[in-house]
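Data block below; observations after.
Residue numbers (our numbering), protein chains in the order written: chain H, 13 to 188; chain F, 3 to 574.
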C-alpha cells in the first residue's frame, strides 16, 4: 500500500498522538487537552486547530506557502511561551516520529523514497515554522521599542532605550 | 507515478538507487525499533528532542529567573525615598538582581516574613479565612489568563495561593506543625521567597478566578499579601515603586509637574480646535468649581489615552459643566494597591485632600481601572466616608447618584449614560462609522464596581456597529489585558503577550466574524497595553477609550468640523 493511502487511513490516530505530545510540552496540560472551547482554552484549541490544518495540508500536498496561517496559529503562541526556539518549533520534526509510531510495521510496506520525501516535506514545514517564529520574536521587540518610543518609559525615569540596552549588556554606566 | 509532490524535492539518488533504497529500508527497520522505545518514553514522559516533561511535584520545581521572566527590581533611591515618607515603610534599599543567588536580604529575613504574616493574619480577617477555607476544588484553576497562556500549574490561582498557604500551614496551623508536608505544609526558605516573587508578579489581581470560587476567595488579596510581605524585606519592582513615588511626590505616575500637566492638556485643547473649530476652555486648580475631575495622567500624555481626554474635554464643554482639573491630584491610578495598604491609603487620600482644598461638591473620575477598585473596595474604610463632599448630583439632569453616597465620586460612564438617558447630548452616530467596535470590560470596573451596563448603553448611542465577544469572556467573566497591577513594563513583554492571549484570542474571534476593528475599554492600563497586545495578536484592531467614541459623536454648538474620517484621530 502506498504511504499516502496509509497516512489517510491513520490520519486521526496520527493527529491525536501529535496533539497529545505537543500539549505534553506544557507542565499542566490536562485542561489544554480536554476543553474544546476556543475562548476558554485558547492555547489548547489553537494548537489543536493549527496542527490539524498542517496535517491536512500535508496530506493534500499543499505548497509550502499555504502553510503559513496554520503554522502561525501554533507558533505565534509558542513564540511567547517559556520555550527555547528549538523547543518551540520541535513539534514539527516530531511529526516524523509520530507517523512512525502510529504506522508501526505498516511502514515497511512503503517505499523508502516515499518516506524520505515525506521527511523532506516535514523538514520544509519546520523551516517555515522557524521563519514564523523569528518573525514573531522580531515583532515582539518592535512592540517593546514602540512602547519606549511612545513615551511610556517616562513612567520610570529611564532616559532612553540605548542606555537600557547598555544596562542589559552589563556595560558600566560611565561608558558613553 | 509520483505519490507525493515532495518527491520532487528529494535527492534523486534516493529515488533511483536500489541499494540506497535497501539501506533505507534497513535503517527504517532499525529506526522503528528505537523510535518505538523513544516514542513510548515520549508518550509517557520526556519528549524526544525538547527535554523532559516535568514530572516533579510543584513544590520541588524551583523558580528560575532569566531575562524576560522578571520585572526589574525597584531602584535603590526610589525605595529610600518611599521609606523616608511619613507613614510608609520600605526597608532594605539596595542594589540587587533576581538572577543573582544572593538577593541581599536582611539577616533575619525569615523572622520578618513570618512576623509580617502573623501581623496580617491578625489584621485582615479575610486573609485568615482565605488561608483556611480553600477546599482545592479546582474551580479557579483554568480561569486564570496566565495559566491559560502558560500551562504552568503555579499560575493556577489555587496553587498561587498555595505558595503562601503552605507556609501558613507550616507555621500557623497545628496540622501543618504535626504532619508537615503531608498536610501541605512547607518551611519558608529562600527558594519559597523567590517563588513568591516570581508568581506574585505573574498575577494581575484581576479577580476572574474569584468569580468562579464557590467560597468567594479573593485570590487577588492573596497576591496583595505576598507583595506586601516581599516589600518587608526589600523585594519589589521598579515599574510599580517609581510611579508610586512619582505620584506621592508630584501627584501623578509620570512625575509631571503642574505646568507640564497643564501644557499637555492645553495641547489637546489646540487639537480639538483644529478638528472642530471650537475652543474648549478647561480650568486648572480652580477653587469653587462644582466638580473635580480626576483621570489617569496617561490620558493627557500618551496615545491612545490622549483621544479619550479629548473626548472628556468635548463632553464637558458640550454640557457646560462647572468643573476643574487638578495638577496635584492629577492621577487616577493608585499603584499603592500593588504595593501595600499604607501606600494605597496615602495616594487615595491625596485625591480627597485636593477635593477639600478646592471646595468642590464631588468628584468625577475618568476612565481608569484600579482607581475604581480602590474606591469601591477600600476607600471607605481607609479614608471615608468623604462626608465633607456632597452626594453626587448631575447638574444637567438632576440625577442623584446614591451609589456613591459614601465615596462621593462617580465614574464618567455613569455620568455620561445618565446624560444620554435624559437626551442631553447631541449625538451623531454616523461620525463613528469608521468604527466596528467590540467591548472589553476592564477587570476592575466590571468585577470591582459592577460597571457593566453603562458602557454598553453608551456604545448603543454613539456607534452604529458594535459586537459582543462570547459570553464566557465578557462582563464579570472578562479576561484581563494581561498587564495590570504594574506589570505593564516592557521587559516582560512575552509574559504580557501570553497572559493577554485569552483576551486577544476573543478579540480575534469577533474580528474574523464581524470585521471588528476597534476594541473599546475604560482603563488607562488597558488602553496602553491592549494596544501592544493587539499589535502582536490581531494587528487589524486598534484600541480606544469610550469617551473618545463619545467625543467623536458629539455635535458641538458652533462647530466648524472638518471631514474626520478617523474621528479625533484624524490628522488635519
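All residues carry an ideal CB built from backbone N, CA and C; glycine is no exception.
This structure is a prediction, so every number in the text was calculated from the model and none was measured.
Around the C-beta of residue i, are 16 or more other C-beta atoms found within 10 angstroms, so that it is buried, or is it exposed?
i: residue 139 of chain H; result: exposed
i: residue 184 of chain F; result: exposed
i: residue 269 of chain F; result: exposed
i: residue 81 of chain F; result: buried
i: residue 113 of chain H; result: buried
i: residue 385 of chain F; result: buried
i: residue 295 of chain F; result: buried
i: residue 191 of chain F; result: exposed
i: residue 139 of chain F; result: exposed
i: residue 137 of chain F; result: exposed
i: residue 424 of chain F; result: exposed
i: residue 574 of chain F; result: exposed
i: residue 28 of chain F; result: Here residue 28 of chain F scores only 36 on pLDDT, less than 50, and its place in the model should not be relied on; the value that follows carries that caveat. Exposed, since its Cβ has fewer than 16 Cβ neighbours within 10 Å.
i: residue 19 of chain H; result: buried
Report, in whole angstroms, the separation of the C-beta atoms of residue i and residue j, which I expect to be a contact under 8 Å.
i: residue 456 of chain F; j: residue 416 of chain F; result: 6 Å
i: residue 144 of chain H; j: residue 80 of chain H; result: 7 Å
i: residue 69 of chain H; j: residue 23 of chain H; result: Between residue 23 of chain H and residue 69 of chain H the Cβ distance is about 12 Å, and since that is not below 8 Å, they are no contact.
i: residue 486 of chain F; j: residue 208 of chain F; result: 6 Å
i: residue 404 of chain F; j: residue 393 of chain F; result: 7 Å
i: residue 360 of chain F; j: residue 291 of chain F; result: 6 Å
i: residue 284 of chain F; j: residue 267 of chain F; result: 6 Å
Indicate whether residue i and residue j have their beta-carbon atoms separated by less than 8 Å.
i: residue 309 of chain F; j: residue 571 of chain F; result: yes
i: residue 172 of chain F; j: residue 497 of chain F; result: no
i: residue 546 of chain F; j: residue 306 of chain F; result: yes
i: residue 418 of chain F; j: residue 552 of chain F; result: yes
i: residue 521 of chain F; j: residue 557 of chain F; result: no
i: residue 281 of chain F; j: residue 326 of chain F; result: no
i: residue 472 of chain F; j: residue 508 of chain F; result: yes
i: residue 59 of chain H; j: residue 101 of chain H; result: no
i: residue 443 of chain F; j: residue 454 of chain F; result: yes
i: residue 336 of chain F; j: residue 373 of chain F; result: yes
i: residue 254 of chain F; j: residue 77 of chain F; result: no
i: residue 160 of chain H; j: residue 110 of chain H; result: no
i: residue 273 of chain F; j: residue 312 of chain F; result: yes
i: residue 510 of chain F; j: residue 539 of chain F; result: yes
i: residue 484 of chain F; j: residue 501 of chain F; result: yes
i: residue 236 of chain F; j: residue 41 of chain H; result: no
i: residue 505 of chain F; j: residue 535 of chain F; result: yes
i: residue 211 of chain F; j: residue 146 of chain F; result: yes
i: residue 205 of chain F; j: residue 148 of chain F; result: yes
i: residue 299 of chain F; j: residue 244 of chain F; result: no
i: residue 56 of chain H; j: residue 45 of chain H; result: yes
With H, G and I counted as helix, E and B as strand and the rest as coil, what does DSSP make of residue i?
i: residue 152 of chain H; result: helix
i: residue 444 of chain F; result: coil
i: residue 304 of chain F; result: coil
i: residue 199 of chain F; result: helix
i: residue 293 of chain F; result: strand
i: residue 256 of chain F; result: coil
i: residue 225 of chain F; result: helix
i: residue 145 of chain F; result: coil
i: residue 365 of chain F; result: strand
i: residue 126 of chain F; result: coil
i: residue 286 of chain F; result: strand
i: residue 217 of chain F; result: coil
i: residue 411 of chain F; result: strand
i: residue 75 of chain F; result: strand
i: residue 520 of chain F; result: strand
i: residue 547 of chain F; result: strand
i: residue 57 of chain H; result: helix
i: residue 566 of chain F; result: coil
i: residue 183 of chain F; result: helix
i: residue 105 of chain F; result: coil
i: residue 487 of chain F; result: coil
i: residue 177 of chain F; result: helix
So which residues on chain A does residue i lean against when the C-beta distance must stay under 7 Å?
i: residue 89 of chain H; result: Absent from the structure: chain A. Protein chains present are H and F.
Confirm the yes/no value for this check: CB of residue i, any heavy atom of the ligand GTP, distance under 7 Å.
i: residue 339 of chain F; result: Questions concerning the ligand GTP fall outside what the structure shown contains, since it holds no ligand whatsoever.
Please confirm if the region 231-244 of chain F is in contact with the region 113-133 of chain F, defined as three or more CB-CB distances below 8 Å between the two stretches.
yes
Hey, is the region 82-95 of chain F in contact with the region 242-257 of chain F, meaning 3+ C-beta pairs nearer than 8 Å?
yes
Mind the definition here: the region 400-417 of chain F touches the region 361-368 of chain F only if three or more C-beta pairs lie below 8 Å; say whether that holds.
yes
Cβ contact (3+ pairs, closer than 8 Å) linking the region 120-129 of chain H and the region 175-191 of chain F
no
Does the region 58-67 of chain F come within contact of the region 191-203 of chain F, defined as at least 3 CB pairs closer than 8 Å?
yes
If we count Cβ pairs, one from each stretch, closer than 8 Å, do we get three or more for the region 422-430 of chain F versus the region 345-360 of chain F?
no
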